[in-house]
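The structure appears below as structure tokens.
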Amino acid sequence: MRVLVAGAGISGLAAARGLIGAGHQVVVLEQASQPRLQGGAITLWHNGTAILGDLGVDLEGTGQPLTTLCLRTARGRRVLEFDLAALAERFGSAARVVPRGSLITLLESGLPQGTVRFGAGDAELWADGDGVRVRTRAGQEYSGDVLVGADGVHSRVRTLVLGDGPAALTGVATWQGLTPAPFDPGSTTTMMLGRRGDFGYMGAGDGLMQWFFDVPWSPDAPPKDKPLEMLRRRFAGWGSPVERVLASLGEGDAEVFPHTRHKVPRRWGGGRCVLLGDAAHGMPPVMAQGTNQALEDVATLVDCLGAVPDPASVVGVYSARRRRQAALASAIATHSLAVSGPRTLLQGEYLVRMNGAIPPRLATRGFGALLRTLSDRI
Ligand SMILES: Cc1cc2nc3c(=O)[nH]c(=O)nc-3n(C[C@H](O)[C@H](O)[C@H](O)COP(=O)(O)OP(=O)(O)OC[C@H]3O[C@@H](n4cnc5c(N)ncnc54)[C@H](O)[C@@H]3O)c2cc1C
């Protein structure tokens, strides 16, 4: 099959790898003039790394494998630890923190030369019973049997095909950065939860640390030109290492990502156009599900395109297989304890501490069960 992919983010590039591996002819159309390597590091859970392994992506030496996920209160009291190393043994693949740019580079380097066409944002799209055609803003035309919309949370393909509105802001934003680590965080991801926000940090390999602060956000509030001052005020009095991490940063180190959530549609596309990744299910980064769900999409789409000979029937089969898991991941990312919504009593010191009553083995088992529910791969 001839497949056009709109977008050379993680979803589009992973889809290209999988589809080429399955014998399809693939062209990726990316609107940017070069690979978009910016952004922080991404947590790949055990399913995400397993799918990347299936796609032939060797993560060894990139980023930082994770052995522990630790939950603390705002004052720094340890509440719960999840044994990610035990889950790695069980699932046959380890969780890992990987800088977004490194993953993009790894994915792209495995594609045949010329697969990705940069400066190729789609201006017009036609789809009929015989195929799809895309005309880029530069006036070039491409045709194929199927179009994969992997063009992110502001997906133009989604708007053209589903005609629905933009993803909604949730009222929270993440201030984050990938900067030299002021101390060695080892192989543990730590999350601290409080009523003023959430703070998390983890090693990302090469002496780098990924850190983030989730705080309330309104598009009407004046832009924060000194975010570190705001974060220092907001997180004053929090336990170690909040102050230490903030002290290690300079203005310009913190980037903001307002959280958005897009309704997970019943049908992920229409006709010969299918949606994948953030285009299908933009969700807050809480619980780090966006990229992992995108990789699940890739594995399922490759499978569906191989199994369903009529490209026009793929949308129905593919959406039916993916919808439930993606909708659940999106709901968890929006409503979990580290919420992407208003702060409630649930984030108070005392109630967060009560999670410590859960025996660690049970907590790990529960987390493993959740990852399994959200994946077809593990
Ligand atoms: C520059 C950047 C930095 C990011 N940084 C972080 C981060 O630090 N932390 C985090 O959790 N998440 C980050 N994300 C989001 C994260 O990468 C995604 O949620 C996840 O990887 C799923 O990716 P995706 O490929 O579906 O969407 P995206 O990563 O958004 O990729 C979509 C791609 O499609 C391209 N595109 C858009 N419209 C068109 C069009 N009309 N035609 C052709 N191409 C188009 C975009 O340029 C982009 O390359 C970032 C995304 C980007 C683009």
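The number in my numbering is simply the position in the sequence shown, starting from 1, with 80 added. Think of the CB as a built atom: it goes at the ideal place given N, C-alpha and C, for glycine as much as any other residue.
Note on Thr-444: 16 or more other CB atoms within 10 angstroms of its CB, so buried under the neighbour-count rule.
According to the DSSP assignment, Val-237 belongs to the alpha helix (DSSP H) that extends over 236-242. By the C-beta density criterion, Ile-184 is buried, having at least 16 other C-beta atoms within 10 angstroms. Per DSSP, Val-322 is one residue of the alpha helix (DSSP H) stretching across 322-327. Per DSSP, the beta bridge partners of Tyr-281 are Thr-270, Trp-291. Residue environment for His-126: buried (at least 16 other C-beta atoms within 10 angstroms of its C-beta). Taking C-beta separations shorter than 7 Å and ignoring five residues to either side along the sequence, the partners of Arg-236 in its chain run Asp-202, following chain order. Here the alpha carbons of Leu-326 and Gly-229 stand approximately 38 Å from one another. Taking Leu-451 as reference, the option from Gln-193, Glu-376, Gly-330, Cys-384 with the minimal CA-CA separation is Glu-376.
Sequence-distant partners of Trp-318 (beyond 5 residues in either direction) whose C-beta falls short of 6 Å from its own C-beta, in its chain, are Ala-154.
For the pair of segments examined, the region 101-111 was found not to touch the region 239-250: the number of CB pairs separated by less than 8 Å stays below three. Relative to Trp-291, the option among Glu-309, Arg-275, Val-336 whose CA is nearest is Val-336.
With a cut-off of 7 Å, the C-beta of Pro-365 is classified as near ligand 1, since at least one heavy atom of the ligand falls inside that distance.
The beta carbon of Phe-171 is closer than 6 Å to those of His-126, Ile-458 in its chain, skipping five residues each way along the sequence.
The alpha-carbon separation between Tyr-222 and Leu-205 amounts to approximately 10 Å. Ranked by Cα distance from Ile-412, the options Pro-440, Ala-86, Leu-454 are led by Leu-454. For the pair Ala-368 and Thr-123, the CB atoms are nearer than the 8 Å cut-off. The criterion of a C-beta distance shorter than 8 Å is not satisfied by Leu-149 and Val-177. The beta carbon of Asp-138 sits no closer than 7 Å to any heavy atom of ligand 1.
In this structure, Leu-109 has its beta carbon less than 7 Å from a heavy atom of ligand 1.
Burial check for Glu-110: the Cβ neighbour count within 10 Å reaches 16 or more, so the residue is buried. The C-beta distance from Gly-98 to Leu-135 rounds to 5 Å, short enough to fall under 8 Å. The beta carbon of Gly-101 sits no closer than 7 Å to any heavy atom of ligand 1. Here Asp-202 is bridged, per DSSP, to Thr-216.
By a beta-carbon distance limit of 8 Å, Gly-92 contacts Val-85. Their separation comes to about 5 Å. Between the region 330-350 and the region 394-410 there are three or more C-beta pairs closer than 8 Å, enough to call the two in contact.
Under the three-state reduction of DSSP output, His-104 falls in the coil class, being neither helix nor strand. Taking C-alpha positions only, Trp-255 is separated from Pro-192 by approximately 36 Å.
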